[in-house]
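Here the protein sequences line up with chains A and B, keeping their order. Residue 1718 in my numbering sits at position 226 of the first sequence, and the numbers go up by one each step. Residue 1813 in my numbering sits at position 321 of the second sequence, and the numbers go up by one each step.
2 protein chains.
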Amino acid sequence: MSAFHIRRPRLIDVAQRAGVSSATASLVLNNRVTGNVRIPPETQQRVLAAAEELGYVADPVAQSLARGRNGLLGVFTFEAIFPVTHRDFYYPFLVGIERAAEMLGFDLLLFTSTSVGDGRRRIYRDGRNRLRLADGAILLGVEESKTEVQALVQEGYPFVFVGRRELEGCEISYVAADYAAATAELIERMVNVGHLRIAYVGAEQFTESLLDRRRGYRDGLAASGCAVDDSLLCLCTGQRMVAPQLQTLLDQGVTAVVTESGPIAYSLLQACNELMLDIPGDLSVGLMGDPFGDMENVGHLSGFSIPREEMGAQAVHLLTRLLDTKTPATSQQASLPCKPVAGSTIAPPRTRP
Amino acid sequence: MSAFHIRRPRLIDVAQRAGVSSATASLVLNNRVTGNVRIPPETQQRVLAAAEELGYVADPVAQSLARGRNGLLGVFTFEAIFPVTHRDFYYPFLVGIERAAEMLGFDLLLFTSTSVGDGRRRIYRDGRNRLRLADGAILLGVEESKTEVQALVQEGYPFVFVGRRELEGCEISYVAADYAAATAELIERMVNVGHLRIAYVGAEQFTESLLDRRRGYRDGLAASGCAVDDSLLCLCTGQRMVAPQLQTLLDQGVTAVVTESGPIAYSLLQACNELMLDIPGDLSVGLMGDPFGDMENVGHLSGFSIPREEMGAQAVHLLTRLLDTKTPATSQQASLPCKPVAGSTIAPPRTRP
DNA sequence: AACACGTGATAATACGCTTTATCAATTGAT
DNA sequence: ATCAATTGATAAAGCGTATTATCACGTGTT
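As C-alpha cells, this is what we get:
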C-alpha cells in the first residue's frame, strides 16, 4: 500500500504497454475491429492483456464526450421521488423503469440536485439544463412546469413523459394509461347492472389524465345509451367530497358514483357513513385508479388499476427508440390499457325504475 | 419550427457573439473573474447577454472531463433496488440518500446496467468499473461480493458502504447501525422485567450486522449479570424457526426470545400458535430490527428500529467528505444508534423463579 | 526617453477517448 | 519486374469546456 496516489491508467498507458498506438488500443477494447480496420488476433491479445494487467477502465466521461452519448437515462421528477407521501405513487413506475433500464443496459441518473426548497424541482438551474448530463430523460410528476417542458422541446432534448402531456404547438412523447377507455368500461359495467344516473366526483384540477377520465365518463354514458347530464359531473375542492354534496347527488336520482382518486373515494365513503348509506346496496362506487397511500382501507373498491410498472418500462423503451432515431423530431405516444378491478362495490341499484 | 436539427450552442458560439475568446466566455460564465483574471463589467455583460440570447447551456460531460469531477454520486446495490421483495429494505435508505444528495446539490447515479441475469449485480463489467462514471459511490446490498469490493479499494475509488463491512487487510468506509448496543439494550430490558433464560434465534448466516447482534446478545447478558449459555443461541435454516425447535428452547427454561429478522419473528409467532403459547404471557419476544415486507402483521413487536433513513443520509455526507479530502486513503466509519421500540411483546415471565 | 506597472484579455494546453482517412508494407497476379 | 490489392495499423482531428501562463497595450513616473 503506497502512500502516493497512483493515477489510474489511461488508454495511452495500455497502448504503450502493448506497443501499439492509442487508436489501436481503443479499437480493440471497443470491438471495433471490423471492415476497414484490421488488427490481427495476436496484437489484439497483447492489448487485452495489457489492459488486464494494468486494470484499465475507460473513463466513461471521456467516452461520453467523444461518442456524444453516455448510456445514461435521466429520471426527473418534479417532486422528490422517495419521500413517503409520494411513495406509492412513484414506486411502481420506478420498478418498471429500473427493470427496463437493466434489460437494455442503461444506468439511471436521478436528478436530485435541482431542488428549489419548496419541494418542487426545476429542470433548469442557473439557466443550465442539468438533464443534458444524460442522453435522454424520463419525466414524471404531477405538477410539472409547462414552461420548462416547453424549453426542453425547444432545445431538442429527447425525453418521454410518463402520463399524457399536451403542449400547445408541439407534440411531445409520452407513455400514458388509457384512462378514457378504462373509465368508459367502468361506466358500462355500472350501466350493465342497471344504473342510469351515474355521478362523477373529481377534483377541481384539469390535468390531462383527469380530462381523459372525464371524456371516458361521457363516452361511456353515450356508448351505453345513457343521457349525459353534466350536473352529475361534480368537481369538489381539496380532494374531499362532503356529505351535503353527496346528498345533492342522491336527490338527483344518482345510484352510482365514479371517483377520480383514492382520497376522493375515501372522503366519499366517509360521507356515506354519515348519511347511513350502504355500499353497494344504496350506492355503487367505482374508483378510476388505484387506492393511494394510507387509503388502502377503503376496501375492495371496484374500478380499474393503472399499469404503472408497465408504463415505466414502456417509457424507457420508447426513450431508447427515440435516441436511436437520427431525427429527434419524431415524437411518439403510447397508450396502455388499464386492468379492470371487479371489487365489491358495484351492485344493481335497489329500486329499478 | 425548422425542419433542421439545430445544434445546441456551444461555448464558442457565445464567445463569438460577444466578440471575445472562449476563454473569456468560460471565465465569465463560471464566475472565475478574480485575481489575475480581469474582465471589465461591460464585457461581462456582453457575454452574459450573448449566452442568454442563444440559450446557452454548458455541456456537463465536457465540464466533467475538464474539471475532473462531475457532481455525481453513484448508488450501487448488489441486488435490484426496486423490486417489491426488496422494497421495504432499500426504500428508507434511498429516502435518506436522496434527501442528503438534494441538500448537498449532487445528482444520483443508479447503476442498473450491470445485471448478470441471476438477479445479482456486478461492479465490474467486461473488467470495466462502471462506477467511475460517478465521483464516488454509496454501496448497499445484502450479498455483496468481497472480491469486487477489494478491487474497488485497490483502484482507490472512493466509496461508502451502508452497513458495517470488514475486509481483510484494508479498512473501508461505512455508516452502520449500532446493532450490538441496541441488542444489549433489548436484552437488558428483558432481564429488567425478570427474564433469566433468553434465547437468540437467528439465521445460518454470518454477515457483519448479524455478528454484531450476536455480540450484543452476549454483552447484554453479561452486563445484566446473566449467564451466557451458547446452547440458547440458535441458528436455524431458511429464516424459519419450526415448532419443535421452539419446544426444545422452552424445555431448557427459556422465557424470552430475541429474533434476528422479521421473517424469523414471523415463523416464531407461527410456532407459538402451533404450541398454543400466549405472547407475551408464556413467552416474551423481541425483534432486533424492523418488521419486513409482508410481515407487518406480526403486530407491535418489542425491539428496536434501524435508523435506515439516517444511515443513507450520513453515508452521503461521509462520501462527500471523502471526496473533498485530497488523500483518498483515509477511510472513516460512523455508527448510528438504533431506536428502542417498546412494543407489546415483552412482559414479566409467568413463573418467577 | 526609459521604465515599471496595472489592465484586459487570450493562446495554448489539458482532459481521455473515438473515429476516419490515410499510408507503408506485404502479397499476389501478369 | 511492375502494378494492384490486401493487410496492419496509425496520425490527426475532433468532442466542449477549464485554466494558466503570457502578452500587448496604455498610463503614469522619474
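C-beta: ideal position from N, C-alpha, C; glycine also. These numbers come from a predicted model, not from an experiment.
- Tell me, please, whether the CB atom of residue 1552 of chain A is closer than 8 Å to any CB atom in chain B? yes
- Task: Would you kindly report the start and end of the unbroken alpha helix (DSSP H) that includes residue 1671 of chain B?
- Result: 1671-1684
- Should the stretch 1498-1516 of chain A be called in touch with the stretch 1546-1555 of chain A, which here means at least 3 C-beta pairs below 8 Å? yes
- Task: Keeping to the same chain, check which residues put their C-beta closer than 7 Å to that of residue 1827 of chain A; ignore five residues upstream and five downstream.
- Result: 1668 and 1670
- Please state whether DSSP places residue 1510 of chain A in a helix, a strand or coil. helix
- Just checking my contact of residue 1808 of chain B with residue 1592 of chain B at CB under 8 Å: how many whole Å lie between their CB atoms? 4 Å
- Query: How is the beta strand (DSSP E) around residue 1695 of chain B delimited, first residue to last?
  - Reply: 1690-1695
- Message: For a test of the three-state rule: what should DSSP assign to residue 1764 of chain B, helix, strand or coil?
- Response: helix
- Task: Taking 8 Å as the threshold, find out whether the stretch 1674-1688 of chain A comes into contact with the stretch 1639-1649 of chain A through three or more Cβ pairs.
- Result: no
- Task: Have a look at residue 1524 of chain B and residue 1536 of chain B and give me their C-alpha separation to the nearest angstrom.
- Result: 11 Å
- Message: Just verifying my parser: in three-state terms, what is the DSSP assignment at residue 1581 of chain A?
- Response: helix
- Query: Would residue 1612 of chain B count as contacting chain A if we go by Cβ distances under 8 Å?
  - Reply: no
- Query: From which residue to which residue does the beta strand (DSSP E) around residue 1832 of chain B run?
  - Reply: 1831-1833
- Query: Does DSSP put residue 1626 of chain A in a helix, in a strand, or in coil?
  - Reply: coil
- Query: Which chain B residues sit within Cβ distance under 8 Å of residue 1635 of chain A?
  - Reply: Going along chain B, no residue has its Cβ under 8 Å from residue 1635 of chain A, so there is no contact; the nearest lies around 17 Å.
- Message: Counting only C-beta atoms, is residue 1549 of chain A closer than 8 Å to chain B at any point?
- Response: yes
- Task: List the DSSP bridge partners of residue 1848 of chain B.
- Result: There is simply no residue 1848 of chain B to check, as chain B begins at 1493 and stops at 1845 in what is shown.
- Please state whether DSSP places residue 1634 of chain A in a helix, a strand or coil. coil
- Query: Under 8 Å, do residue 1830 of chain B and residue 1796 of chain B count as touching if we go by C-beta distance?
  - Reply: yes
- Are the stretch 1681-1693 of chain A and the stretch 1650-1667 of chain A touching, with three or more C-beta to C-beta distances below 8 Å? no
- Helix or strand or just coil, what does DSSP make of residue 1496 of chain A? The pLDDT assigned to residue 1496 of chain A is 48, lower than 50, so where the model puts this residue is not dependable; a value taken from the coordinates is nonetheless given after this. In the structure shown, residue 1496 of chain A sits in coil (DSSP, three-state: anything other than H, G, I, E or B).
- Query: Going along chain B in order, which residues have a C-beta closer than 8 Å to the C-beta of residue 1563 of chain A?
  - Reply: 1605
- Task: Give the DSSP-derived three-state secondary structure of residue 1643 of chain A in the structure shown.
- Result: helix
- Query: How many Å lie between residue 1769 of chain B and residue 1698 of chain B at the Cα?
  - Reply: 30 Å
- Task: Indicate whether at least one CB of chain B lies closer than 8 Å to the CB of residue 1502 of chain A.
- Result: no
- Item | Distance between residue 1622 of chain A and residue 1616 of chain A (C-alpha atoms, nearest Å) | 6 Å
- Can you list the residues of chain B that residue 1600 of chain A reaches, using a CB-CB cut of under 7 Å? 1602 and 1604
- Task: Select from B:1557, B:1568 and B:1594 the residue whose C-alpha is nearest the C-alpha of residue 1570 of chain A.
- Result: B:1594
- Message: Any beta carbon of chain A sitting closer than 8 Å to that of residue 1659 of chain B?
- Response: no
- Find the residues of chain B that neighbour residue 1624 of chain A, judging by a C-beta separation of less than 7 Å, and give them in chain order. 1549, 1551 and 1552
- Item | Between the CA atoms of residue 1583 of chain B and residue 1737 of chain A - distance to the nearest angstrom | 39 Å
- Task: Kindly say whether residue 1528 of chain A, judged by its beta-carbon, lies nearer than 8 Å to any beta-carbon of chain B.
- Result: no
- Extent of the continuous beta strand (DSSP E) run through residue 1737 of chain A: First-last for residue 1737 of chain A: 1735-1743, but that is the alpha helix (DSSP H), not the beta strand (DSSP E).
- Message: If I measure Cβ to Cβ from residue 1701 of chain A and keep anything under 7 Å in the same chain, skipping five residues before and after, which residues do I get?
- Response: 1655, 1656 and 1671
- Thinking C-beta only, is residue 1783 of chain A closer than 8 Å to residue 1793 of chain A? yes
- Message: If you measure between the beta carbons of residue 1733 of chain B and residue 1759 of chain B, is that distance less than 8 Å?
- Response: yes
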